[in-house]
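One structure below.
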Amino acid sequence: MRERVKALSFSLFDSGETILGALIFSTFFPLYITKQVDPKVYSFFYGLVFLVSFLFALQFGKIADRKAIRKEFFTLFVILTVLLSFSLFFLVDFPILSLIVFCLMAVSHQQTFVFYNSLLLDFQKRGFTSGLGVSFGYIGSATALTFLAEKLSVPWVYVVTGALFLILSLPSILFLENPSMKEEVSLKDVFKDRRFILVILSILFLTEVANALISLMGIYLKKVFGFEDVFIYKVIGFSAIGGIIGGIVWGLLVDKLSARSLFPTGFLFWSIIFLSLPLLNRDWIFYFGAFIGFSLAHLWTVSRVYIVEEFPACQISTRMSFLSLTERIASTTGLIIWSALLFITEDNYILSASLMTVFPVIGFLVFLVSKRTT
Numbered sequence: 078m079r080e081r082v083k084a085l086s087f088s089l090f091d092s093g094e095t096i097l098g099a100l101i102f103s104t105f106f107p108l109y110i111t112k113q114v115d116p117k118v119y120s121f122f123y124g125l126v127f128l129v130s131f132l133f134a135l136q137f138g139k140i141a142d143r144k145a146i147r148k149e150f151f152t153l154f155v156i157l158t159v160l161l162s163f164s165l166f167f168l169v170d171f172p173i174l175s176l177i178v179f180c181l182m183a184v185s186h187q188q189t190f191v192f193y194n195s196l197l198l199d200f201q202k203r204g205f206t207s208g209l210g211v212s213f214g215y216i217g218s219a220t221a222l223t224f225l226a227e228k229l230s231v232p233w234v235y236v237v238t239g240a241l242f243l244i245l246s247l248p249s250i251l252f253l254e255n256p257s258m259k260e261e262v263s264l265k266d267v268f269k270d271r272r273f274i275l276v277i278l279s280i281l282f283l284t285e286v287a288n289a290l291i292s293l294m295g296i297y298l299k300k301v302f303g304f305e306d307v308f309i310y311k312v313i314g315f316s317a318i319g320g321i322i323g324g325i326v327w328g329l330l331v332d333k334l335s336a337r338s339l340f341p342t343g344f345l346f347w348s349i350i351f352l353s354l355p356l357l358n359r360d361w362i363f364y365f366g367a368f369i370g371f372s373l374a375h376l377w378t379v380s381r382v383y384i385v386e387e388f389p390a391c392q393i394s395t396r397m398s399f400l401s402l403t404e405r406i407a408s409t410t411g412l413i414i415w416s417a418l419l420f421i422t423e424d425n426y427i428l429s430a431s432l433m434t435v436f437p438v439i440g441f442l443v444f445l446v447s448k449r450t451t
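Per our numbering, the sequence shown starts with residue 78, numbered consecutively.
Shown next as C-alpha cells:
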C-alpha cells in the first residue's frame, strides 16, 4: 500500500509539472512577453536559461549526491518555482522585470525535474512508477489545454497554475523518501565517462525528432493533408490517449524485462514513424497519432529508468542533470533541423519528414558504440 501511495505521489508531480509547462512556459507567458519585447530578445534569454539551468544542476547535483539531500533540493526548488510564479502576477506591467523573473523561474523549474527524477531511486518498481508519471503527465497536459487554457488569462494564470503545481507537488514532498546513498562526485570523471556521454547523445537524437514531431505535427497534417483544425485537434487528442496507455504498458514491461532490453526499441519506433509519414492516408491518421503517443511514452518512461539502472546510484542527481539538458536542447535543435530540411527540400514536407529518419538511425549507432564502451 505504501508503495502505491508513493507511486501516485510521484505521478501527481508529473501531472502538475506538465500543467505548469503547458500553460505558462509554452502558452501564456510567450504570448504575453512577445507583445511587450522583441521576440528575438525573449528567444535569446530563454535559450540562455538552458545553459544556466544545466550549470546550476551540475553543481546542485554534486552537493545532493555528496550529502544525500536530493529530496531537500526537490522541495526547495518546488517552493521557489511557485513563489516566482506568484510574483509574475504583480509584474505584468513591468515586462523586462517579468522576463527576468520568468527566466529565474525556468531555471528553478528545471532543478525540480532533475531532483524529482533522482527520487526514482526510492522505488522498487521503477518502471511502473516512471510510466505512471508519464501517463499522469499526459492527463495533466490534456486537462490544462482543454479545460483550463480558455478560462484563464494573464495575470491570474500565474497564480492559478502556481497553486495547482504546488498542490500536485505536495504528495511527493510529504510521502516520497530521500535516497540515502551518498558519494563525492567528480564532474571531470563524469565527463570522461565515455559510455555515459554516448548514451546521453543517443537519447538526444531521439528527443530531437520527438520534440520536432510534437511541435510540427499539426502543421504537417494541415500542409500535407489539408485537414481542418478541429480534425487535427482530434488526432492530437488520440496521441495523448496513446501516451497514457503507453506509460503504463512500458512501465510494466520495464519492471518485467529491464530498461536495458527495452531502451533500443525507441530507435526502431521513431524510424518507423518518420518512414511511415509519406505513406499515411486519412483512414490511418488516428491510429498513427496513438502510435506517436505510445512511442513518446516509451522515450520518457524508459530513458530515466535506464540512467538509474545503468550508472552509479550514488551519482544519480549529477547524471540526471545531463538527461534534463537533452530534453531542453532537443526542443530547440529539433526545430532547427526541421527548418533546415524544409529549406533544403524547398518546403517538401513529405521528403523532409523522411529525411528525419537519419537521426534515430544515428542515435542507434551511437548507442551500439556505447554498449561496446567500458
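Quick reminder that beta carbons are idealized off the backbone N, C-alpha and C, glycines included.
Fair warning: this is a prediction, and the values are worked out from it, not measured in the lab.
Taking the C-alpha atoms as reference points, what is the distance between residue i and residue j?
i	j	result
Phe167	Tyr235	10 angstroms
Ser263	Asp270	11 angstroms
Lys144	Ala390	13 angstroms
Glu404	Gly370	17 angstroms
Pro355	Ser416	18 angstroms
Phe302	Asp170	42 angstroms
Glu280	Phe213	As written in the sequence, residue 280 is Ile, which differs from the Glu given in the question. For Ile280 and Phe213, the distance between alpha carbons rounds to 22 angstroms.
Arg147	Arg79	20 angstroms
Ser103	Phe252	30 angstroms
Thr238	Thr111	20 angstroms
Ile156	Val312	36 angstroms
Gly323	Phe388	25 angstroms
Phe190	Ser394	10 angstroms
Ile414	Val438	15 angstroms
Gln113	Pro172	6 angstroms
Ile384	Ser335	12 angstroms
Pro256	Ala289	35 angstroms
Ala226	Ala219	10 angstroms
Measuring CA to CA, which of the options is closest to residue i?
i	options	result
Ser175	Glu227, Ser207 and Tyr119	Tyr119
Phe192	Phe133, Leu330 and Glu387	Phe133
Ser380	Phe368, Pro341 and Leu345	Pro341
Leu418	Thr410, Leu432 and Ile101	Leu432
Glu254	Asp199, Ala430 and Val129	Asp199
Tyr426	Tyr297, Gly343, Ile291 and Val385	Tyr297
Gly124	Cys180, Ser316, Ser86 and Phe351	Cys180
Where do the ends of the alpha helix (DSSP H) carrying residue i lie?
i	result
Met182	Pro172 to Ser195
Arg381	Ile362 to Glu387
Ser353	Thr342 to Ser353
Pro107	Phe106 to Ile110
Ser115	Note on identity: in this sequence residue 115 is Asp, with Ser being the wrong assignment. Per DSSP, Asp115 belongs to no alpha helix (DSSP H) and is neither H nor E.
Lys83	Arg79 to Leu97
Phe154	Arg147 to Leu165
Arg203	Arg203 to Thr220
Ile101	Note, Ile101: premise wrong, no alpha helix (DSSP H); not H, not E.
Tell me which same chain residues have a C-beta within less than 6 angstroms of the C-beta of residue i, skipping the five on either side of it?
i	result
Ala183	Val126
Leu402	Phe131
Gly295	Ile309
Ser246	Phe90, Gly93 and Val155
Phe399	Ile277
For residue i, which residues in the same chain have their Cβ closer than 7 angstroms to its Cβ, ignoring the five residues on either side in sequence?
i	result
Val178	Leu161, Ser164, Leu165 and Leu168
Phe304	Leu298
Starting from the C-beta of residue i, find all residues in its chain whose C-beta is less than 8 angstroms away, skip the five residues before and the five after it, and write them out in chain order.
i	result
Leu275	Val443, Phe444, Val446, Ser447 and Thr450
Val331	Arg203, Gly204, Phe205, Ser207, Gly208, Leu339, Thr378, Val379 and Val382
Lys83	Asp199, Phe200, Thr206, Phe252, Leu253 and Glu254
Note to self: Threshold first: 4 residues or longer. Then list the alpha helix (DSSP H) segments lying entirely within the segment 253 to 301, N to C.
What the structure shows: Within the segment 253 to 301, the complete alpha helix (DSSP H) runs of at least 4 residues are 264 to 269 and 271 to 297.
Next item on the list: Could you name each continuous beta strand (DSSP E) segment of 3 residues or more that falls completely within the segment 384 to 425, going from the start of the chain to the end?
Entry: DSSP runs (the beta strand (DSSP E)) wholly in the segment 384 to 425: none.
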